[in-house]
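Q: Residue numbers for the sequence shown follow the numbering used here, so the first one is 48 and each next one is one higher.
A virtual CB, placed ideally from N, CA and C, is assigned to each residue, including glycine.
Below you'll find the structure I mean.
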Amino acid sequence: MKHGFLLERRTALRLWPAVLAFSLAFAPPGCKRSKTAAASVISMGDPQAAAQLASGFYGVEQGAWRWTKGDFSVLLGAPADAARKGAVLRVRLTAPPQLIAKLANITLSASVNGQRLPPETYSVAGTYTFIRDVPGSLLEDNPVKVDFQLDKVMPPAGEDIRELGIVVLSIGLEPK
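Structure, rendered in structure tokens:
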């Protein structure tokens, strides 16, 4: 039995160069590892969106949203022709009642590839859309890194050991 195994192994080793040559001969030219393009708009409830959440997000809650930390970042695909026309950064978020009750207000700032955009302050609990124009000069890289900062967060309390910022539903770069 052992002898048969050695013969099969020798035969396989002799055939290996032929198999490799055959595979290379019929491989598509310029064959490269495929990369999935980054989505320009991501929903926090989408499991595939997690790959684009660079930092500062907690797990999905109720299948639709995520709490953030004080600093959080995403990688977004630039919409078609955005480097020439620019785009609109749109963040659907909630300032929960417990956050406003504890902190009175919270200010959200964003920067795209290091360039700061005007901040916005929320002093009433509710759902909001943070909207900012993004010049095309900031959208030449793809994906585009968008960093967010909150001026304050709710500190850990009780059994919840997380620092809590805002609740995010979706983030995206939309064409102008």
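I need the DSSP call for Gly183, collapsed to helix, strand or coil.
A: If you number the sequence shown from 1, residue 183 lands on position 136. Helix at Gly183.
Q: Express the C-alpha separation of Leu122 and Ser70 in angstroms, rounding to a whole number.
A: On the sequence shown, position 23 is the one that residue 70 refers to. On the sequence shown, position 75 is the one that residue 122 refers to. Below a pLDDT of 50, predicted positions are generally treated as unreliable, and Ser70, at 39, falls in that range; the measurement from the model is reported next regardless. Distance between the alpha carbons of Ser70 and Leu122 is about 36 angstroms.
Q: Please report how far the alpha carbon of Leu211 lies from the alpha carbon of Pro202, in whole angstroms.
A: Position 164 of the sequence shown, counted from the first residue, corresponds to residue 211. Position 155 of the sequence shown, counted from the first residue, corresponds to residue 202. Taking the straight line from one Cα to the other gives about 7 angstroms.
Q: Considering only C-alpha positions, which residue in the set Ser217, Ser87, Ile89, Leu136 is nearest to Ser156?
A: Working through the sequence shown from its first residue, we reach residue 156 at position 109. Selected option, being the one with the closest Cα: Leu136.
Q: Under 9 angstroms between the Cβ atoms of Pro143 and Ala172?
A: For the purposes of this step, residue 143 is taken as the residue at position 96 of the sequence shown. For the purposes of this step, residue 172 is taken as the residue at position 125 of the sequence shown. Annotated as proximal: Pro143 and Ala172, with beta-carbon spacing under 9 angstroms.
Q: On the CB-based measure, 16 or more other CB atoms within 10 Å of its CB, does Arg131 come out buried or exposed?
A: For the purposes of this step, residue 131 is taken as the residue at position 84 of the sequence shown. Result: exposed.
Q: Assign Thr176 to buried or exposed, taking buried as 16 or more other Cβ atoms, counted over all protein chains shown, within 10 Å of its Cβ.
A: To locate residue 176, count along the sequence shown from 1; it is residue 129. Classification for Thr176: exposed.
Q: Tell me which residues share the same chain as Asp118 and place their Cβ nearer than 6 angstroms to its Cβ, disregarding the 5 neighbours each side in the sequence.
A: Looking up residue 118 in the sequence shown gives position 71. Excluding residues within five positions, the ones whose Cβ falls inside 6 angstroms are Gly103, Gln196.
Q: How should Ser87 be labelled, buried or exposed, when 16 other C-beta atoms within 10 angstroms of its C-beta is the threshold for buried?
A: Along the sequence shown, read from residue 1 onward, the residue named residue 87 stands at position 40. Looking at its Cβ environment, which holds 16 or more other Cβ atoms inside 10 Å, Ser87 is buried.
Q: If you run the structure through DSSP and keep just helix, strand and coil, what is Ala96?
A: On the sequence shown, position 49 is the one that residue 96 refers to. In this structure, Ala96 counts as helix in the three-state DSSP scheme.
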